[in-house]
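There are 2 protein chains.
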Amino acid sequence: MAGRQGPGGGAGDRPGAKRAGLDFPRPLTTVDIVIFTIRLEALHVLLVRRGHGEGEPFPDAFALPGGFVDVARDADLAACARRKLAEKTGVVSPYLEQLGSWGSATRDPRGWSATHAYFALIPASAADAALAADAQWFPLQDDNVKPKLAFDHAEILQAAVQRLRNKVEYTSLPAYLMPEEFTLPELQRTYEVVLDRLLEKSAFRTRMLSADLIEPIAKMRKGPNRPAQLYRLKKKAAPVYFARTFNAPE
Amino acid sequence: MAGRQGPGGGAGDRPGAKRAGLDFPRPLTTVDIVIFTIRLEALHVLLVRRGHGEGEPFPDAFALPGGFVDVARDADLAACARRKLAEKTGVVSPYLEQLGSWGSATRDPRGWSATHAYFALIPASAADAALAADAQWFPLQDDNVKPKLAFDHAEILQAAVQRLRNKVEYTSLPAYLMPEEFTLPELQRTYEVVLDRLLEKSAFRTRMLSADLIEPIAKMRKGPNRPAQLYRLKKKAAPVYFARTFNAPE
DNA sequence: CGAATAGTGTCTTTAAGACACTATGTT
DNA sequence: AACATAGTGTCTTAAAGACACTATTCG
Numbered sequence: 081m082a083g084r085q086g087p088g089g090g091a092g093d094r095p096g097a098k099r100a101g102l103d104f105p106r107p108l109t110t111v112d113i114v115i116f117t118i119r120l121e122a123l124h125v126l127l128v129r130r131g132h133g134e135g136e137p138f139p140d141a142f143a144l145p146g147g148f149v150d151v152a153r154d155a156d157l158a159a160c161a162r163r164k165l166a167e168k169t170g171v172v173s174p175y176l177e178q179l180g181s182w183g184s185a186t187r188d189p190r191g192w193s194a195t196h197a198y199f200a201l202i203p204a205s206a207a208d209a210a211l212a213a214d215a216q217w218f219p220l221q222d223d224n225v226k227p228k229l230a231f232d233h234a235e236i237l238q239a240a241v242q243r244l245r246n247k248v249e250y251t252s253l254p255a256y257l258m259p260e261e262f263t264l265p266e267l268q269r270t271y272e273v274v275l276d277r278l279l280e281k282s283a284f285r286t287r288m289l290s291a292d293l294i295e296p297i298a299k300m301r302k303g304p305n306r307p308a309q310l311y312r313l314k315k316k317a318a319p320v321y322f323a324r325t326f327n328a329p330e
Numbered sequence: 081m082a083g084r085q086g087p088g089g090g091a092g093d094r095p096g097a098k099r100a101g102l103d104f105p106r107p108l109t110t111v112d113i114v115i116f117t118i119r120l121e122a123l124h125v126l127l128v129r130r131g132h133g134e135g136e137p138f139p140d141a142f143a144l145p146g147g148f149v150d151v152a153r154d155a156d157l158a159a160c161a162r163r164k165l166a167e168k169t170g171v172v173s174p175y176l177e178q179l180g181s182w183g184s185a186t187r188d189p190r191g192w193s194a195t196h197a198y199f200a201l202i203p204a205s206a207a208d209a210a211l212a213a214d215a216q217w218f219p220l221q222d223d224n225v226k227p228k229l230a231f232d233h234a235e236i237l238q239a240a241v242q243r244l245r246n247k248v249e250y251t252s253l254p255a256y257l258m259p260e261e262f263t264l265p266e267l268q269r270t271y272e273v274v275l276d277r278l279l280e281k282s283a284f285r286t287r288m289l290s291a292d293l294i295e296p297i298a299k300m301r302k303g304p305n306r307p308a309q310l311y312r313l314k315k316k317a318a319p320v321y322f323a324r325t326f327n328a329p330e
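In order, the protein sequences belong to chains A and B.
Just add 80 to wherever you are in the first sequence, counting from 1, and you've got our numbering.
Just add 80 to wherever you are in the second sequence, counting from 1, and you've got our numbering.
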């Protein structure tokens with residue numbers, strides 16, 4: 081049987097009707113990004129207001145930043161995601177991870193469409209530096225966001241939040257939400273904001289310091305009380321995976 | 081600015097040149113599945129030999145089962161994956177999980193293409209029952225397989241193996257590789273085959289039995305020695321996530 | 001009985017949880 | 001000095017690792 085033929089030429093049906101051609105309808109292909117940051121002690125996500133030109137679905141609704149893959153400009157999916165991220169935030173090298181893909185006949189009224197969803201973590205310091213005019217940060221409340229989202233973006237957002245919360249239990253991902261220099265209590269606070277749960281100081285410090293992740297710098301954070309040691313991410317800052325989760329959620 | 085326009089209508093370029101139309105080139109959209117099973121104490125993956133009609137890329141090479149999304153038949157991506165899985169193996173309700181997507185200008189010589197990859201676990205008992213004529217099981221050796229694979233399928237396969245190995249450290253996924261009835265030593269053996277590492281019997285048993293995953297049945301596995309208690313997956317057999325990995329790989 | 005595998009128990013180890021305690025700055 | 005937060009130490013706890021020991025079947 082022929083291998084990768086078009087629809088209708090698949091296994092079992094119309095044997096012998098080999099068509100190597102590509103003259104069958106193709107789904108729309110988009111990339112969407114869930115961009116997280118921490119502002120005002122709360123997890124925020126970036127949304128974009130949609131236009132209202134003719135034929136635009138979900139006019140004026142909020143949506144995740146994203147759009148069609150441009151086969152002329154985008155070498156691959158990750159490049160497309162990075163391009164869209166940079167267009168909206170100016171950030172060029174954030175933590176970027178593929179989240180999954182969503183595709184169906186009905187999610188876009190214009191026809192069968194599939195989106196490749198990514199999620200990105202950017203530090204608060206970069207979150208407002210070069211924000212696009214149509215983009216806006218929204219705080220997350222109970223895994224959701226106030227405005228009703230276009231397409232199936234509420235579902236995608238929910239998956240992103242779940243993935244983030246889940247990974248924060250056993251990885252160093254929150255480090256990518258921090259500014260260049262930060263203290264351990266500040267990092268712990270970020271963990272706590274994402275997890276919406278307090279963590280044990282001593283266990284947290286032991287875990288972070290024994291991971292090959294951060295290094296102290298010759299500077300302290302001054303405040304009204306005892307100053308705190310400042311740290312920065314090590315150069316080779318690959319995310320660290322710990323062997324256990326934090327609290328075994330009983 | 082307009083929201084989800086076609087390529088060229090994105091942020092920043094050609095302002096005012098709004099085009100709500102969809103008259104721009106679309107990538108090819110495919111779904112591929114990495115199907116795992118255990119045979120002869122080794123992890124195997126299902127491959128399909130490609131055809132050699134005109135215009136067929138990678139003629140006669142082996143590839144992951146998959147193919148184009150059929151916008152007329154497939155309601156969504158998961159349905160497309162299930163269809164292709166059933167076509168090749170006859171299995172209708174396996175463990176099926178989205179793996180990720182791979183898309184670029186160069187992975188398919190016919191043009192910009194994106195594939196949505198899934199991975200499935202099926203029991204050995206189902207692995208040969210209704211195998212398609214062009215499909216064949218190959219053992220995994222060092223995260224790879226003997227034949228050179230078409231497209232970027234070697235990369236996808238590698239990602240699938242990594243994901244499986246990783247998840248086996250802290251989940252009950254191998255249970256989906258077992259036949260309906262199995263003993264604890266058999267389940268442990270499956271874990272060991274996937275991880276390519278021996279596990280401690282007592283820790284393994286404690287973990288499995290304290291999870292709400294399997295239940296004993298009123299039957300024993302008879303053999304040349306002491307018989308072993310047979311178990312089956314509980315009805316609500318959602319995968320279990322453990323709070324720790326097995327051996328902390330030092 | 002001995003061989004072989006199933007299954008249990010006991011002690012150690014690791015890393016987290018609880019929480020007290022010390023350290024160091026500001027006002 | 002009072003206070004607030006940074007940072008450490010000590011004891012407990014949960015679950016895994018090591019490994020010996022018992023249990024049950026067959027030949």
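All C-beta atoms, glycine included, are put in the ideal place defined by N, C-alpha and C.
For clarity, every value in this text was computed on a predicted model and none was experimentally measured.
Under the three-state reduction of DSSP output, tyrosine 271 of chain A falls in the helix class.
Here serine 181 of chain A really is in contact with serine 181 of chain B; their C-beta atoms are around 5 Å apart, less than 8 Å.
Going by C-alpha positions, aspartate 214 of chain B is about 47 Å away from lysine 168 of chain A. Ranked by Cα distance from glycine 183 of chain A, the first of B:Ala240, B:Thr110, B:Asp276, B:Leu279 is B:Thr110.
Beta-bridge analysis with DSSP links histidine 132 of chain A to no other residue.
Put simply, the backbone Cα of phenylalanine 142 of chain A is about 44 Å away from that of arginine 130 of chain B. Under the DSSP assignment, methionine 258 of chain A falls outside any alpha helix (DSSP H); it carries neither an H nor an E label. Here the C-alpha atom of glutamine 216 of chain A lies approximately 16 Å from the C-alpha atom of histidine 233 of chain A. Counting along the chain, the unbroken alpha helix (DSSP H) around lysine 247 of chain B starts and ends at 233-248.
With respect to phenylalanine 284 of chain A, leucine 244 of chain A sits apart: the two C-beta atoms are not nearer than 9 Å.
For the stretch 188-205 of chain A, the set of residues with a beta-carbon nearer than 8 Å to any beta-carbon of chain B comprises Arg190, Gly191, Trp192, Ala194, His196, in chain order. Collapsing the DSSP output to three states places alanine 318 of chain B in coil. Judged by beta-carbon spacing, alanine 206 of chain A lies within the 9 Å limit of glycine 170 of chain A, meaning their Cβ atoms are closer than that value.
The DSSP-derived three-state label of alanine 215 of chain B is strand.
Judged by DSSP secondary structure, serine 184 of chain B falls within the beta strand (DSSP E) whose first and last residues are 175-184. In chain order, Leu310, Arg312 place their CB closer than 6 Å to the CB of glutamate 261 of chain B, counting only its own chain and leaving out the 5 sequence neighbours on each side. By the Cβ test, the stretch 120-129 of chain A is not in contact with the stretch 150-164 of chain A, since fewer than three Cβ pairs between them sit closer than 8 Å. Rounded to whole angstroms, glutamate 177 of chain B and leucine 289 of chain B show a C-alpha spacing of 25 Å. Note: alanine 298 of chain B is not bridge-paired with any residue in the DSSP secondary-structure output. Counting along the chain, leucine 289 of chain B sits inside the alpha helix (DSSP H) bounded by residues 281-290. Taking a Cβ-Cβ cut-off of 7 Å, aspartate 292 of chain A has no neighbours in chain B, whose nearest Cβ is about 13 Å from it. Among the bridge pairs identified by DSSP, valine 114 of chain A is matched with A:Phe199. Around threonine 109 of chain A, the beta-carbon contacts reaching into chain B at under 8 Å are Arg106, Pro107, Thr109, Gly183, Ala194.
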